[in-house]
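As numbered in my numbering, residues 6 to 293 make up the sequence shown, in order. Take a look at the structure below.
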Amino acid sequence: MMKSVCVWSLVAVCVLCVCVAYKPVIIVHGLFDSSADFINLHRFINLSHPGSNVTVLDLFDRSASLQPLWKQVQGFAEAIYPIMQNAADGVHLICYSQGGLVCRGILSTLPDHNVHSFISLSSPQAGQYGDTDYLKYLFPQFVKSNLYHVCYTAVGQKISICNYWNDPHHRDMYINSSDYLALLNNERPNPNSTAWKQNFLRIKKLVLIGGPDDGVITPWQSSQFGFYDDNETVVEMKNQKVFLMDLFGLKTLYARGDLALCSMAGVAHVFWHSNETVYKTCIEKWLT
6 MMKSVCVWSL VAVCVLCVCV AYKPVIIVHG LFDSSADFIN LHRFINLSHP GSNVTVLDLF
66 DRSASLQPLW KQVQGFAEAI YPIMQNAADG VHLICYSQGG LVCRGILSTL PDHNVHSFIS
126 LSSPQAGQYG DTDYLKYLFP QFVKSNLYHV CYTAVGQKIS ICNYWNDPHH RDMYINSSDY
186 LALLNNERPN PNSTAWKQNF LRIKKLVLIG GPDDGVITPW QSSQFGFYDD NETVVEMKNQ
246 KVFLMDLFGL KTLYARGDLA LCSMAGVAHV FWHSNETVYK TCIEKWLT
């Protein structure tokens, strides 16, 4: 009798394990970060989704994060692909800050990816244009109004931040010179644009997280595809050309009901991935 009870208990436990199996989670860091900065986020996931396979990629750390984004896309994709291949039900991507743009490059150029939720955590998805501490550190001789002199050159485009520098007063230069963001956004004619859009739309959910007290992403609405017009007035995502013309799939995701925005005040840029309230409010429910 005791053996029978033990057997049935074991079966019940095994069935429970199968029912609550979670998809692997892959985390991609941002500018000047490394995998060591994501201990808290890793812990949050383990507590709320026990048994999850969580990988914080340890590539292009610290100063290496300044390397061109297409190079980073290639390196991160090579690390991510084997994880995808071993995940029959797909994976989740959490991509922080600059890492959110790296992940967009991967999702656009990898035709057989199986990303379920792409969670963009305070990432300058529509570009960056602001006098931040990062800018002062990297380019001490420049401010936002004249950085285009550097960024929109062949040399500048070898620096990651210049790959998504979006000067609203020099739109033509941005479109013609940006080797990364303008191509991803399909703002410049690109022979791969149709395929890239199809690849990007393989995701099941796009989650865009940001907030007004970020202090780095400028404007902060860039984290949700809003951006400045030439008067530096923020135009929200739904009134942006990339959305209205569905240049790379945003409008399609919205029409599908697969575009979620989560805004939180009171969170500075460096704390998005270590703030438990952010995790519970904006991230946890998508990691199923």
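Ideal Cβ placement from N, Cα and C applies to all residues, glycine included.
Look at the beta carbons and you see the stretch 72–89 touching the stretch 97–112: at least three pairs across the two are nearer than 8 Å.
In the DSSP annotation of this structure, residue 202 is not part of any beta strand (DSSP E); the continuous alpha helix (DSSP H) holding it starts and ends at 198–205.
Shortest Cα-Cα distance from residue 288 to any of 42, 46 and 241 involves 46. DSSP lists 211 as the bridge partner or partners of residue 264.
In terms of Cβ geometry, residue 229 and residue 250 do not form a close pair [threshold 9 Å].
Residue 134 carries a coil assignment under DSSP once its states are collapsed to helix, strand and coil. Going by DSSP, residue 125 is part of the beta strand (DSSP E) stretching over 120–126. It is roughly 6 Å from the alpha-carbon of residue 201 to the alpha-carbon of residue 114.
Assignment of residue 286 by DSSP, reduced to helix, strand and coil, places it in the helix class. Spatial neighbours of residue 258 in its own chain (CB-CB distance under 6 Å, excluding positions within 5 residues in sequence) are listed in chain order as 211 and 264. Residue 50 has its alpha-carbon roughly 36 Å from the corresponding atom of residue 183.
Relative to residue 239, the option among 226, 141 and 246 whose CA is nearest is 226.
The beta strand (DSSP E) runs of length 3 or more contained entirely in the stretch 44–71 are, from start to end of the chain, 59–61. With respect to residue 126, residue 105 sits close: the two C-beta atoms are nearer than 9 Å. With contacts defined as CB atoms closer than 9 Å, residue 219 and residue 274 qualify as a contacting pair. In the DSSP annotation of this structure, the continuous segment of the alpha helix (DSSP H) that includes residue 85 starts and ends at 74–90. Under the 10 Å beta carbon count, residue 187 is surrounded by 16 or more other beta carbons and is classified as buried.
Non-local C-beta neighbours of residue 59 in its own chain, meaning closer than 6 Å and more than five positions away in sequence, comprise 30, 47 and 50, ordered along the chain.
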